[in-house]
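Here the structure comes first, spelled out in structure tokens, and everything after it is commentary.
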Amino acid sequence: MTVPPEHLPVAVIGAGPVGLITALGLAHHGVPAVVFEEDGTLSLDTKAGTVLTRTLEVLHRYGALTGVLRASLRLEEIGDIDRATNTPARSVRTGALAEDTRFPFVVNIPQHELEPVLRAALDERSPGALRMSHRLTDFTQHDDHVELRLDTPGGPSTVRARYVLACDGGRSRVRERLGIAVSGTTLDERYMLVDLKVDLDVANPRDYPYLAYFGDPEEWMILVRQPHCWRFLYPLPPGRPEPTRRELAGKARRFIGEVSGLEVIGTNVYTVHQRVADRWRAGRVFLMGDAAHLITPMWALGLNTGVLDASNLPWRLAWVLRGWAGEDLLDGYEREQAPVAVRGSGQMAEAARAYMARRSGGVTAMGEGDWGNAFTRGLLGVRLDVDGTGDWSMVKSGPEPTAVRAGDRVPDLPLFGHDGPAFLHDLAADGFVALYFTDTRRGPRVSGPDSPALRRFAVSRWDAPHDSGLRRRALFDPGGRVERRFGVPPDTVVLVRPDAHVAAIAPFDPRSGRDVAAELYARAVGRPVPVEPEHPEREEAHGHG
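If you want it as structure tokens, here you go:
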């Protein structure tokens, strides 16, 4: 029997970190998905060593963070060291983010250890979704589905999918098949990655931050403390042959000094690109991660920028597939993510590379304020162009948190609902949330029916009395902590999307029955709020009534 198009899965091509996280996002939103990976095993390459704060939040939302933290090394200091003098310049201290996130740190974990953890999470959430040794050979788009042709262990196979998400890397076969051009450059220099077994904590104490950037015009280097070894990465000049292990050990000592017991246990040389696809969507096919944008691997902006794609697109697909939005909602993915990847992460990574080689005096993303630097470097500062005006950013500055704007990621702070504490990111994890900052003593009208697509809450430092009619829609904000962090005036509605970005901010009249939240929602999604009974399991999962 032929499966109707509306029951077909979404196909993810490629089981690298972005592909696996995208599949986890689809599973989180209840979208059937299948992942096709051409290799018989996950990657064995020792690439991508640092996972930033914003990625940790995405992994938490998709139910995959626990395993990643268990396999990782957490750190709250990113060092900047002048190699010539071996003295620290300025460190980024992520502890400054305690008023913004439950995860005020970054973690170090190599890609070949990250992927199995993500796979285990996907196997638990969607058993059988990952198909290894399935190589995509071609595909044909139709009005309501895409037909994929694959080489599999059982021979050639044809599979139909509702949409195709290309997470198949910088040499994307999907992108090539679509004829989408890429623009940019391939650097003349290659990057050398070396894993070292050496004790820099006890036998040879150095007190380096577990992520440290050694800047030098002649020979810069990045030092990373992985869970089981030290890693350093440096540029290999054009035409230079790959060093021997003895030469690599000598080079390491030029940076960290004479040490005992140093052993080179792994190496990898790879070419570095700064390239971007001319377009990220062709009909029912989307490019994601390296298939859409290759970013110089500085400041951990390559993998982590790809995860921003995996945060933005799955909820949009869920809304379209449920009939809650039209196809136009999918166009927002490229509009929002492309400038962040190309002009944000891409240019920031190149500026950081120039600074490492001391070809510039600094990086504009690093200002005078500790909070702003940590916020930016953790990728919490990304403001998306949610209304198509071209207003976006990924840099915050200053010593103290700034007011929340439309497009910003909302701070993940706790409020207290009917049944206990509830963090903002959990409240919005599977639907839009309208936060009415108001005074619950005055009986404000929080209008509108319950819907799985949009839920409404009054936020106040005054707990809602039991006879107020607001009890199950009230979130207690002791001391007005959350309201102050948002920086909004009284009687303001903040509409939060499922990816934890602010869709809109508007005033409301607490005495009026006007449903401002529904108006903002319709503007963001393109359709009215669907009115359906709230699922009891959703209510219980949020920890409030």
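Numbering (this note's numbering), first residue to last: 29 to 573.
By construction, the Cβ of each residue, glycine as well, lies at the ideal position given by its N, Cα and C atoms.
What does a CB cutoff of less than 6 Å around residue i pick up in its chain, not counting 5 residues either side in sequence?
| i | result |
| --- | --- |
| Y464 | V474, A486 and V521 |
| G503 | Reading the sequence as shown, one finds Leu at residue 503 and not Gly. Same-chain partners within the cutoff: L443, G445, F485 and V487. |
| V252 | G77, N136, L239 and R259 |
| V174 | F167, A189, V192 and R312 |
| D318 | G197 and G198 |
Name the DSSP beta bridge partners of residue i, please?
| i | result |
| --- | --- |
| M220 | Y262 and V297 |
| I533 | V522 |
| S211 | V304 |
| D179 | R163 and P184 |
| M326 | Answer is none; M326 lacks a bridge partner. |
| F314 | L193 and R309 |
| L48 | DSSP, once it has assigned bridges, lists no residue as partnering L48. |
| K225 | E291 |
| E105 | R121 |
| L463 | F485 and V522 |
| Y241 | D108 and I250 |
Please name the residue in the options whose C-alpha comes closest to that of residue i.
| i | options | result |
| --- | --- | --- |
| G372 | R539, R411, D478 and D527 | R411 |
| L264 | S288, R234 and V297 | V297 |
| G156 | R350, P60 and D108 | P60 |
| M316 | K225, T272 and V370 | V370 |
| L80 | L261, E104 and R98 | E104 |
| T113 | R282, T94, S200 and L221 | R282 |
| R484 | F131, E141, R525 and T324 | R525 |
| L331 | N136, Y236 and H162 | N136 |
| Y262 | P255, V174, E511 and P245 | P245 |
| G360 | G554, H35, T83 and V226 | G554 |
| A353 | R551, H35 and L36 | R551 |
| D413 | R273, V86, G435 and G42 | G435 |
| G507 | L408, L441 and T430 | L441 |
| R386 | L36, I109 and H88 | I109 |
| L407 | R344, V86, V304 and V40 | V86 |
| I323 | H256, T122, E378 and P427 | E378 |
| V530 | F403, D467, A492 and A462 | A462 |
| R307 | I284, S211 and D447 | S211 |
| R303 | V287, P325, V432 and P138 | P325 |
Would you identify the three-state DSSP class for residue i, choosing helix, strand or coil?
| i | result |
| --- | --- |
| P116 | strand |
| R469 | helix |
| H256 | coil |
| D110 | strand |
| H173 | coil |
| S71 | coil |
| Y90 | coil |
| F514 | helix |
| H140 | helix |
| R437 | strand |
| R274 | helix |
| S421 | strand |
| H494 | coil |
| S100 | coil |
| V368 | helix |
| A231 | coil |
| T168 | strand |
| V474 | coil |
| A385 | coil |
| S288 | coil |
| E247 | coil |
| H446 | coil |
| A569 | Residue confidence for A569 is low, a pLDDT of 36 falling below 50, so the modelled location carries little weight; the figure read from the coordinates is stated next. Residue state, collapsed to three classes: helix. |
| T430 | coil |
| T78 | strand |
| L412 | coil |
| F283 | helix |
Near residue i, which residues of its chain fall below 7 Å by C-beta distance, leaving aside the five closest residues on each side in sequence?
| i | result |
| --- | --- |
| A277 | L290 and V292 |
| Y549 | F460, L482, L523 and V557 |
| R153 | L52, A55 and G91 |
So, for residue i: in the same chain, excluding its five sequence neighbours on each side, which residues have a beta-carbon less than 8 Å away from its beta-carbon?
| i | result |
| --- | --- |
| G58 | A346 |
| R273 | V292 and T295 |
| V348 | G354, E355, L357 and L358 |
| P472 | Y464, T466, A486, L498, D519, P538 and R539 |
Does residue i come within less than 7 Å of chain B when only Cβ atoms are used?
| i | result |
| --- | --- |
| W399 | Looking at the structure shown, chain B is missing, and only one protein chain is on hand. |
Any heavy atom of the ligand ZN closer than 6 Å to the CB of residue i?
| i | result |
| --- | --- |
| V297 | Absent from the structure shown: the ligand ZN. Ligands present: none. |
Cβ contact (3+ pairs, closer than 8 Å) linking the stretch 136-148 and the stretch 54-72: yes
Touching by the beta-carbon criterion (3+ pairs, under 8 Å), the stretch 299-315 and the stretch 46-64: no
Validate contact between the stretch 493-500 and the stretch 511-518 using beta carbons, cut 8 Å, 3 pairs: no
Sufficient close CB pairs (3 or more, under 8 Å) joining the stretch 38-51 to the stretch 318-335: yes
Three-pair Cβ contact test at 8 Å for the stretch 215-227 versus the stretch 188-200: no
Touch test, the stretch 533-547 against the stretch 411-422, Cβ-Cβ under 8 Å, three pairs minimum: no
Validate contact between the stretch 361-368 and the stretch 218-227 using beta carbons, cut 8 Å, 3 pairs: no
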